[in-house]
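Visitor:
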Amino acid sequence: MSTQIRTSHAGSLPRSEALIAANRAKREEGRAPADFGELLRGSVVEIVARQRELGLSEPNDGEYGHTMASPLNFGAWWHYSFERTGGLELAEGGLYNATPAPAAAGGLELTSFEQRRDRQAFPGAYRDEAEAIHPRHNIAFPTIVGPLTYTGQEAVAADIADLKAGLAAAGYEESRGFLNSLAPGSAARIGNSHYATDEEVVWAWADVLREEYLAITEAGLIVQIDDPSIAESWDQISPEPSYADYRAYIQVRIDALNHALRGIDPQRVRFHTCWGSWHGPHTTDIPFAEIVDQVLSVNAAGLTFEGANARHEHEWRIWEDTALPDGKYLIPGIVSHATNVVEHPELVAERIERYARLVGPERVVASTDCGLGGRIHPEIAFAKLASLVEGARLASARF
Numbered sequence: 005m006s007t008q009i010r011t012s013h014a015g016s017l018p019r020s021e022a023l024i025a026a027n028r029a030k031r032e033e034g035r036a037p038a039d040f041g042e043l044l045r046g047s048v049v050e051i052v053a054r055q056r057e058l059g060l061s062e063p064n065d066g067e068y069g070h071t072m073a074s075p076l077n078f079g080a081w082w083h084y085s086f087e088r089t090g091g092l093e094l095a096e097g098g099l100y101n102a103t104p105a106p107a108a109a110g111g112l113e114l115t116s117f118e119q120r121r122d123r124q125a126f127p128g129a130y131r132d133e134a135e136a137i138h139p140r141h142n143i144a145f146p147t148i149v150g151p152l153t154y155t156g157q158e159a160v161a162a163d164i165a166d167l168k169a170g171l172a173a174a175g176y177e178e179s180r181g182f183l184n185s186l187a188p189g190s191a192a193r194i195g196n197s198h199y200a201t202d203e204e205v206v207w208a209w210a211d212v213l214r215e216e217y218l219a220i221t222e223a224g225l226i227v228q229i230d231d232p233s234i235a236e237s238w239d240q241i242s243p244e245p246s247y248a249d250y251r252a253y254i255q256v257r258i259d260a261l262n263h264a265l266r267g268i269d270p271q272r273v274r275f276h277t278c279w280g281s282w283h284g285p286h287t288t289d290i291p292f293a294e295i296v297d298q299v300l301s302v303n304a305a306g307l308t309f310e311g312a313n314a315r316h317e318h319e320w321r322i323w324e325d326t327a328l329p330d331g332k333y334l335i336p337g338i339v340s341h342a343t344n345v346v347e348h349p350e351l352v353a354e355r356i357e358r359y360a361r362l363v364g365p366e367r368v369v370a371s372t373d374c375g376l377g378g379r380i381h382p383e384i385a386f387a388k389l390a391s392l393v394e395g396a397r398l399a400s401a402r403f
């Protein structure tokens with residue numbers, strides 16, 4: 005009897021035109037359309053049903069409850085959290101619109117997105133609008149102006165109810181559904197004019213976001229903590245720091261996250277990190293091997309990471325030398341958001357088998373590198389998921 009290898013994805017899925025229009029109206033007019041809740045519930049039910057039709061094992065709500073910052077979904081994975089947090093003040097003009105707090109560990113501070121080292125290495129490519137390496141949008145980012153507080157109780161309750169409705173309608177076990185939530189370290193990458201240090205900012209976010217983690221897990225669902233900053237921030241520090249200093253910098257974030265997750269069953273938690281989902285060269289990404297031990301120290305059973313794109317596919321070999329702790333499992337990216345080419349099921353199966361032979365097929369959930377919503381056309385996104393499921397079927401038969 006073969007082991008059926010499970011399948012999932014990183015979170016964001018393509019939205020319908022109706023949902024995109026409603027989210028745009030919500031942002032531009034400052035309030036949701038009268039029928040927004042009904043439209044959102046129906047959209048979630050539909051996307052969960054679509055995941056069931058495709059054969060995915062572990063579905064979510066497509067992150068539909070997270071307000072879209074633009075039609076391309078830029079920033080929706082984290083921008084939604086600012087609408088659920090008190091102590092912030094929105095301002096136009098980019099990511100860092102206030103003096104950042106002094107760094108408390110490693111002496112490191114983030115630059116702006118525009119000053120990333122990858123951008124500096126390929127300035128012409130990033131400026132070329134025809135290449136669309138990194139779309140630019142006029143999005144309001146907040147500054148911390150007072151004590152952070154969580155104000156998203158009604159919003160997360162709606163996320164939970166909508167996903168449960170979708171799971172029930174599609175015939176999924178409720179315990180298989182997951183909702184995405186932001187990590188303290190990723191939330192902290194905004195302007196700050198209230199807290200004295202970077203560390204204070206991160207720990208304040210941990211106390212705030214814990215409320216969302218608890219709401220999701222106490223409802224019987226899985227929470228996926230989205231924290232690209234753990235790997236991605238490396239490229240956002242100039243000049244390039246030492247590995248030791250960077251590890252000290254992200255350890256503050258991991259300690260704060262574990263504090264926020266205290267008392268929560270790790271089996272109800274997935275942790276996602278990546279090197280940023282924009283379609284750039286990524287030549288300045290930090291090697292996964294330099295931080296994998298810290299990532300594994302997060303109190304989460306599932307670990308999702310990029311494993312399919314051309315810059316990181318080779319890193320599957322780190323699991324030859326890195327022991328996977330008891331109770332943990334891998335959710336590697338097997339299909340990529342960074343190409344419009346749909347991976348062949350045989351290639352998908354080969355990629356899955358690399359991990360399964362090292363850690364066991366029962367400890368692998370085949371997934372996507374990052375969210376598919378907004379980065380590729382919906383038709384291609386769903387074709388990739390179909391190929392993912394078919395490849396998992398082929399790999400399962402070989403075990």
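According to the working numbering, the sequence shown holds residues 5 to 403 in order. Glycine is no exception: its CB is placed at the ideal position from the N, C-alpha and C atoms.
(1) CB-CB under 6 Å to Glu319, same chain, minus the five flanking residues each way: which ones, in chain order?
(2) Specify, as a first and last residue, the run of the beta strand (DSSP E) that Arg274 falls within.
(3) Should Pro243 go down as buried or exposed, given a rule of 16 or more other Cβ atoms within 10 Å for buried?
(4) Taking 8 Å as the threshold (C-beta atoms), are Leu362 and Pro329 in contact?
(5) In or out: Arg214 buried (at least 16 other Cβ within 10 Å) or exposed?
(6) Could you give the DSSP three-state label for Pro285: helix, strand or coil?
(7) Do the CB positions of Phe182 and Ile226 come within less than 8 Å of each other?
(8) For Glu310, which of Thr372, Thr147, Leu186 has the nearest alpha-carbon?
(9) Any idea what DSSP makes of Asn196, helix, strand or coil?
(10) Looking at the structure shown, is Arg321 part of a helix, part of a strand, or coil, going by DSSP?
(11) Counting only the same chain and skipping the five closest in sequence on each side, list residues whose C-beta sits under 6 Å from that of Ile220.
(12) Going by DSSP, what residue range makes up the beta strand (DSSP E) through Asn184?
(13) Helix or strand or just coil, what does DSSP make of Asn303?
(14) Using only alpha-carbon positions, find the residue among Thr89, Val368, His283, Ala260 that is nearest to Pro151.
(15) By Cβ distance, which residues of its chain are closer than 6 Å to Gly156, with the 5 residues on each side in sequence left out?
(16) Whole angstroms are fine: how far does the CA of Ala191 sit from the CA of Val206?
(17) Three-state secondary structure (DSSP) at Gly97?
(18) Whose C-alpha, out of Ile384, Ile241, Ile268, is nearest the C-alpha of Ala342?
(19) Assuming Gly111 and Asp249 form a contact by the criterion Cβ under 8 Å, report the distance between their Cβ atoms to the nearest whole angstrom.
(20) By a C-beta neighbour count over all protein chains shown, 10 Å radius and 16 as the cutoff for buried, is Ala312 buried or exposed?
(21) Give me the residue from Lys30, Val48, Asp239, Asp39 with the minimum Cα distance to Pro18.
(22) Can you look up Leu218 in the DSSP assignment and give me helix, strand or coil?
(23) Ala210 and His276 look like a contact to me (Cβ under 8 Å); what is the Cβ gap, rounded to whole Å?
(24) Count the other CB atoms within 10 Å of the CB of Arg367; is the residue buried (16 or more) or exposed (fewer)?
Guide: Well, looking at it:
(1) Along the sequence shown, read from residue 1 onward, the residue named residue 319 stands at position 315. Around Glu319: Phe292.
(2) In the sequence shown, counting from the first residue as 1, residue 274 sits at position 270. Unbroken beta strand (DSSP E) run through Arg274: 273 to 276.
(3) Within the sequence shown, the letter at position 239 stands for residue 243. Per the 10 Å Cβ criterion, exposed.
(4) What you label residue 329 is simply residue 325 of the sequence shown in a count that begins at 1. What you label residue 362 is simply residue 358 of the sequence shown in a count that begins at 1. No, the pair does not count as a contact, with Cβ atoms beyond the cut-off.
(5) In the sequence shown, the residue the question calls residue 214 occupies position 210. Arg214 comes out buried.
(6) Locating residue 285 in the sequence shown gives position 281, counting from the first residue. Three-state DSSP puts Pro285 in coil, outside helix and strand.
(7) Along the sequence shown, one-based indexing puts residue 182 at 178. Along the sequence shown, one-based indexing puts residue 226 at 222. Taking 8 Å as the Cβ cut-off, Phe182 and Ile226 qualify as a contacting pair.
(8) Working through the sequence shown from its first residue, we reach residue 310 at position 306. Out of Thr372, Thr147, Leu186, Thr372 has the C-alpha closest to the C-alpha of Glu310.
(9) As a working mapping, residue 196 is identified with position 192 in the sequence shown. In the structure shown, Asn196 sits in a strand (DSSP, three-state: E or B).
(10) As a first step, residue 321 must be located in the sequence shown, where it is residue number 317. Three-state DSSP puts Arg321 in a helix.
(11) Against the sequence shown, residue 220 aligns to sequence position 216. Here the set comprises Leu183, Val227.
(12) The residue labelled residue 184 in the question sits at position 180 within the sequence shown. 182 to 186 is the extent of the beta strand (DSSP E) around Asn184.
(13) If you number the sequence shown from 1, residue 303 lands on position 299. Here Asn303 sits in coil by DSSP.
(14) For the purposes of this step, residue 151 is identified with residue 147 of the sequence shown, where counting begins at 1. It is Thr89 whose Cα lies nearest to the Cα of Pro151.
(15) The sequence position of residue 156 within the sequence shown is 152, counting from 1. Result list for Gly156: Arg88, in chain order.
(16) Taking the first residue of the sequence shown as 1, we reach residue 206 at position 202. Taking the first residue of the sequence shown as 1, we reach residue 191 at position 187. Roughly 8 Å separates the two Cα atoms.
(17) As a working note, residue 97 is residue 93 in the sequence shown. In this prediction, Gly97 has a pLDDT of 48, which is less than 50 and means its spatial position is unreliable; nothing more can be read from the coordinates.
(18) Translated into positions along the sequence shown, residue 342 becomes position 338. Here the closest residue by C-alpha is Ile384.
(19) Working through the sequence shown from its first residue, we reach residue 111 at position 107. Working through the sequence shown from its first residue, we reach residue 249 at position 245. That belief holds up - the Cβ atoms of Gly111 and Asp249 are roughly 7 Å apart, short of 8 Å.
(20) Taking the sequence shown and counting its residues from 1, the one referred to as residue 312 is at position 308. Result: buried.
(21) Here residue 18 refers to the residue found at position 14 when the sequence shown is read from its first residue. Considering only alpha carbons, the answer is Val48.
(22) Along the sequence shown, one-based indexing puts residue 218 at 214. Here Leu218 sits in helix by DSSP.
(23) For the purposes of this step, residue 210 is identified with residue 206 of the sequence shown, where counting begins at 1. For the purposes of this step, residue 276 is identified with residue 272 of the sequence shown, where counting begins at 1. Going by Cβ atoms, the distance from Ala210 to His276 rounds to 17 Å, so no, they are not a contact pair.
(24) Counting from 1 along the sequence shown, the entry for residue 367 is found at position 363. Classification for Arg367: buried.
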